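Residue numbers (my numbering), protein chains in the order written: chain A, 26 to 277; chain B, 175 to 502; chain C, 615 to 905. Every residue, glycine too, gets a C-beta built ideally from N, C-alpha and C. Given the structure is predicted, the values throughout are model-derived calculations rather than measurements. For reference, the structure discussed in these notes is given below.
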Amino acid sequence: MSLLEVNNLTIIFGGLRAVDGFNLKIEKGQLYGLIGPNGAGKTTVFNMLTGVYKPTSGKITLDGEDITGKSTIEINRKGIARTFQNIRLFHNMTVLDNVKVGLNNQKKYSVGEGLFRLPRYFKEEKEMDEKALALLSVFDLDQEKDFLASNLPYGKQRKLEIARALATNPKLLLLDEPAAGMNPNETAELMETIHFVRDRFGMTILLIEHDMKLVGGICEEVTVLNFGKELAHGETSKVLNNPEVIKAYLGE
Amino acid sequence: MKKLLNKKNIISIVSAALIYILITYLVSSGILSRHYQSLLVPIGVNIILAVSLNLTVGFLGELTLGHAGFMSVGAYAGCLFTVYANLPVYIEFPIALMIGGLVAAIFGVIIGVPALRLKGDYLAIVTLAFGEIIRSVVTNLEITGGAGGLKGIEKTSNYTIVFVIALITIVMISNLVHSRHGRAICSIRDNIIASESVGINIVYHKLLAFVIAAFFAGVAGVLYGHNLGILKPSTFDFNKSIEILVIVVLGGMGNILGSIISATIITLLPEVLRGLSDYRMLIYAVVLIAMMILNTSPKFAEFKENIASKLKGKRSKGKGDGNVTIRG
Amino acid sequence: MGFIQQLINGLELGNIYALMALGYTMVYGIAKMLNFAHGDIIMVGAYTLSLVMTNVGMPPIIAILASVVVCSILGVVIEKIAYKPLRNASPLTVLITAIGVSYFLQSVALLIFGSNKRKVESAITMQGISIGSLELTGVSVVTLGVTLIIMIGLTLFIKKTKLGKAMLAVSEDKGAAQLMGINVNQTISITFAIGSALAAIAGVLFVSSYGFVGPYTGALPGIKAFVAAVLGGIGSIPGAMLGGILLGIIESLSKAYISTNLADAIVFGVLIIVLLVKPSGLLGKVRMDKV
């Protein structure tokens, strides 16, 4: 059984079929790419997968469970975490606290236990600190744990967003243009990190990307989206050499 | 216990004790005139109001303009209890404080559940509307004494009681902010979409902040009523809500220590600057506008950071609980 | 007094709310901010009218023009000093500033004129009309006419003129409007000028029917006008008219049949219900957040 199965996913915005009959199958542990020209509907797919938009029709199954039309919060609890095209950090909070917000739902102490500082507060806060620091060190952010998130350089902000998403303990990680705005060195480093996350955590990753070097370098399979419809899918190297795909990217 | 006695906590405990000893000395030695002594309770009440409002405005990032409404509901509930129940003071008063807080918290739920679906300007207006509705209803009820006010409340509040309650409020709010629930509340302020994406229950945490703030506003109301001995509905109007907002804004949104200092200044201001009492409203207005413009200006942010790094020496870059700069 | 007369009273009051709500809705719709001080600009307009008529001894028409000019300039100055530096700030920051401006105008008026209300002669000298036992005052006939003319004029202005279209563009997307060569700052300034001019006219008509002006005269009507604008759907010009009239009728019927003291509470209750049931108001559009 695939980890994520999307069948015939469609969304209509006031007559415009932004995504039309979209299908996707991702196996556990796979690194999967979703590519396509600007406005093809890639982020809309992400928004439907994470419950930001409710699909008009179609079905999304995560690990055998139907999650179609569920709220963002429920879907995160079922196991999908994401990053955003335009970075969305908690910019007035410290780097450590950003990750700890991601760990929030795994801890159980109540409001009262927090207000009165009962033993479980200390125990669970300590666990959270340890887990958050471990995650931060994976991304080489542990030195900056007390910085405000807004004071991090751009590349590190992207990494922090991935760390925060991983903190929610997802089965599937969605990355929306992780390399946007990065220079080639930073992109190369990011590729390594993404690879590392997959290997270290056994994570399944679906990413949207325009940087073909990154896609070609790390994705095992890709799906190409054009005008809301699937243009091609399959093994990355084959798809990227498909004349239809090249045409869609470069125009006639 | 070891965790409770870290360096920061010890400093806080010692400074609280020193402040209390200082106040007691000033009062008993007669250095503080009777007039200034009478301001000690209002200062404490305003600290409780400001610290609790800071939870919604500074930490949750939602403007509510009905804080005086919660204060009023709590004040009437608690004071009606002591007026009608004839129990010994040391039993009666703590119960009255709890009743005031709980009734205000219940109103917080009743108002919060529908209102928190709205955001920004609409939430502000709806809380303002609720505050005005509460005031109209209180004015027209018989049991509250109507526009003439509720009279015959025992003057139980003294500076020791208010000091202790204010301290409890500060500790509770700051404990909340530094717990997982408080982090969730701050994350909603910083980026609600990201907050949802990591599974934070937005409605629950907004309501939590709103209700806890209402609870402490209610407690402050009970203290206020038992200080003056009379409650009038006109006290709890829109202007009172604005006064608390001015305190929070001046002290820095999301800054608890700032709220405490600024509550003290704003309560003393009209007394210290007697001749300027006509200009009080004008000063409030200018404070609100100037603080907002300064906090938005990048040059001022830079200036503040420079000062902060000079004061703090090594641990300069971006650390700490400082003021929140809210961006669009 | 009969039910019909109560309805007419409500209509008179409602027209004034509608006129105030037009200014509110315009500023909110285009500058995307709740100009809390709108009600206080109404107060400034009323004071100006009274000063020019009584102290300077000018005829009403000059006084009305003077108050329109003073309020327009005031609106633009407020925008430049207080709101413009906050173009990219959060709504919370802008709202607190607007409350500050409202407070500022009230306290300056308090310092200049004192807290006693000042009697104002009506600027409208028209005779009332009576049909059978029903009576319409001259002021309310004028108010109805003026409100209708302004509503139609504003709609045409926004739909047909270049400046009106620029305003629409700014309200949709400031950045994109700028790229299309629209001077965003100037457009917002003009919006404030027009909104404040409308506030001045509302102020003139309000004191003409009410008879007194004080530092806080504008505060409560200002908030009610906002309620009217929200009721009709903020940003919608016919909505402001509809919301204002409905609000006036609700208030006047509550006063007559329920309780004078609770009328304000009922008006606010209506606002809360409308916002909860239909947050976009009666004639407003629904918008979706973009992720």
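Let's test the definition: count the other Cβ atoms within 10 Å of the Cβ of residue i and tell me whether it reaches 16, buried, or not, exposed.
i, result
"Asn90/A", "For the sequence presented, residue 90/A should be read as Glu rather than Asn. Counting Cβ neighbours within 10 Å, Glu90/A comes out exposed, since fewer than 16 surround it."
"Phe109/A", "buried"
"Lys488/B", "Confidence at Lys488/B is low in this model, with a pLDDT of 44, below 50, so the placement of that residue should be treated as unreliable; the coordinate-derived value is given next. Result: exposed."
"Tyr631/C", "buried"
"Ile60/A", "buried"
"Ile687/C", "exposed"
"Phe221/A", "exposed"
"Leu29/A", "buried"
"Asn33/A", "exposed"
"Asn260/B", "exposed"
"Asn180/B", "exposed"
"Thr739/C", "exposed"
"Leu114/A", "buried"
Please check if any C-beta of chain B sits within less than 9 Å of the C-beta of residue i.
i, result
"Phe109/A", "yes"
"Val841/C", "yes"
"Val798/C", "no"
"Met647/C", "yes"
"Asn208/A", "no"
"Val684/C", "no"
"Thr711/C", "yes"
"Arg189/A", "yes"
"Val844/C", "yes"
Examine chain C for any beta-carbon lying closer than 9 Å to the beta-carbon of residue i, and answer yes or no.
i, result
"Val300/B", "yes"
"Gly322/B", "no"
"Leu237/B", "yes"
"Ser433/B", "no"
"Tyr453/B", "yes"
Name the chain C residues that come within less than 9 Å of residue i, Cβ to Cβ?
i, result
"Asn228/B", "Per Cβ cutoff of 9 Å: no residues; Asn228/B is ~13 Å from chain C at best."
"Asn220/B", "Near Asn220/B there are no residues of chain C at all, since even the closest Cβ is about 18 Å away, more than 9 Å."
Applying a beta-carbon distance threshold of less than 9 Å, which residues of chain A neighbour residue i?
i, result
"Met346/B", "Leu140 and Phe141"
With a cut-off of 9 Å, does the C-beta of residue i fall near any C-beta of chain A?
i, result
"Asn332/B", "no"
"Ile376/B", "yes"
"Ser382/B", "As written in the sequence, residue 382/B is Leu, which differs from the Ser given in the question. Yes - at least one Cβ of chain A is within 9 Å of the one on Leu382/B."
"Gly428/B", "yes"
Can you name the residues of chain C whose CB is closer than 7 Å to the CB of residue i?
i, result
"Ala303/B", "Phe882, Leu885 and Ile886"
"Ala459/B", "Gly714, Tyr717, Phe718 and Ser721"
"Thr470/B", "Pro699, Leu700, Ala703 and Thr707"
Along chain B, in chain order, which residues have C-beta atoms closer than 8 Å to that of residue i?
i, result
"Ile98/A", "Glu370, Gly373, Ile374, Asn375 and Ile376"
"Arg223/A", "Residues of chain B passing the Cβ test: none, with the nearest at roughly 20 Å."
"Arg183/A", "Correct list: empty, because the minimum Cβ distance to chain B is about 13 Å."
Using C-beta distances below 6 Å, list every residue in its chain close to residue i, excluding the 5 sequence neighbours before and after it, in chain order.
i, result
"Glu150/A", "none"
Whose Cβ in chain B lies nearer than 9 Å to the Cβ of residue i?
i, result
"Thr193/A", "Ser371, Val372 and Gly373"
"Ile802/C", "Correct list: empty, because the minimum Cβ distance to chain B is about 15 Å."
"Ala106/A", "Ser371, Val372 and Gly373"
"Leu890/C", "Pro288, Ala289, Arg291, Leu292 and Val300"
"Pro893/C", "Arg291, Leu292 and Tyr296"
In its own chain, which residues sit with a C-beta less than 7 Å from the C-beta of residue i, not counting the 5 before and 5 after it?
i, result
"Leu742/C", "Inspection of the sequence shows that residue 742/C is occupied by Gly rather than by Leu. Taken in chain order, the residues that qualify are Glu749, Leu750, Thr751 and Gly752."
"Ile713/C", "Phe650"
"Lys869/C", "Ala877"
"Thr330/B", "Val263, Phe267 and His400"
"Met175/B", "Note on Met175/B: pLDDT 48, under 50, position unreliable in the model; no value is reported."
At 8 Å on the CB atoms, spell out the chain F contacts of residue i, in chain order.
i, result
"Asn349/B", "The structure shown has no chain F; the protein chains it does contain are A, B and C."
By Cβ distance below 8 Å, which residues in the same chain neighbour residue i in space, the five residues on each side in sequence not counted?
i, result
"Thr639/C", "Ala843, Gly846, Ile848, Gly849, Ser850, Ile851, Gly853 and Ala854"
"Thr212/A", "Ala204, Asp236, Lys238 and Leu239"
Mind pulling the chain C residues with CB within less than 8 Å of residue i?
i, result
"Tyr194/B", "What Tyr194/B touches in chain C: nothing, since even the nearest Cβ is about 33 Å away."
"Leu462/B", "Ile710, Thr711, Ile713, Gly714 and Tyr717"
For residue i, return the contacting residues in chain B, with the cut-off set at a CB-CB distance below 7 Å.
i, result
"Asn101/A", "Ser371, Val372 and Gly373"
"Arg113/A", "Asn365, Ile367 and Ala368"
Along the region 354-374 of chain B, where does the CB come closer than 8 Å to a CB of chain A? Name the residues. Per Cβ criterion, the list reads Arg354, His355, Gly356, Arg357, Ala358, Cys360, Ser361, Arg363, Asp364, Asn365, Ile367, Ala368, Ser369, Glu370, Ser371, Val372, Gly373 and Ile374.
Contact list for the region 713-727 of chain C against chain B, Cβ threshold 9 Å: Here the close residues are Ile713, Gly714, Val715, Ser716, Tyr717, Phe718, Leu719, Gln720, Ser721, Val722, Leu724 and Leu725.
When you check each C-beta in the region 115-147 of chain A against every C-beta of chain B, which residues fall closer than 9 Å? Taken in chain order, the members of the region 115-147 of chain A whose beta-carbon sits within less than 9 Å of a beta-carbon on chain B are Phe115, His116, Asn117, Met118, Thr119, Asp122, Asn123, Lys125, Val126, Gly127, Leu128, Asn129, Asn130, Lys132, Tyr134, Ser135, Val136, Glu138, Gly139, Leu140, Phe141, Arg142, Tyr146 and Phe147.
Where the region 859-884 of chain C meets chain B: residues whose CB sits under 8 Å from a CB there: Contacts with chain B (Cβ-Cβ distance below 8 Å) from the region 859-884 of chain C involve Ser873, Asn875, Leu876, Asp878, Ala879, Phe882 and Gly883, listed in chain order.
Closer than 7 Å between beta carbons: that is the criterion. Which residues of the region 695-707 of chain C meet it against chain B? Using a CB distance below 7 Å, the part of the region 695-707 of chain C facing chain B consists of Ala696, Pro699, Leu700, Asn702, Ala703, Ser704, Pro705, Leu706 and Thr707, ordered along the chain.
Under 7 Å (Cβ pairs) to chain B, residues found in the region 71-86 of chain A: Going along the region 71-86 of chain A in chain order, one finds Thr75 with a Cβ nearer than 7 Å to chain B.
Residues of the region 306-319 of chain B with a CB closer than 7 Å to any CB of chain C: list them in chain order, please. Residues passing the 7 Å Cβ filter: Glu306, Ile307, Ser310, Val311, Thr313 and Asn314.
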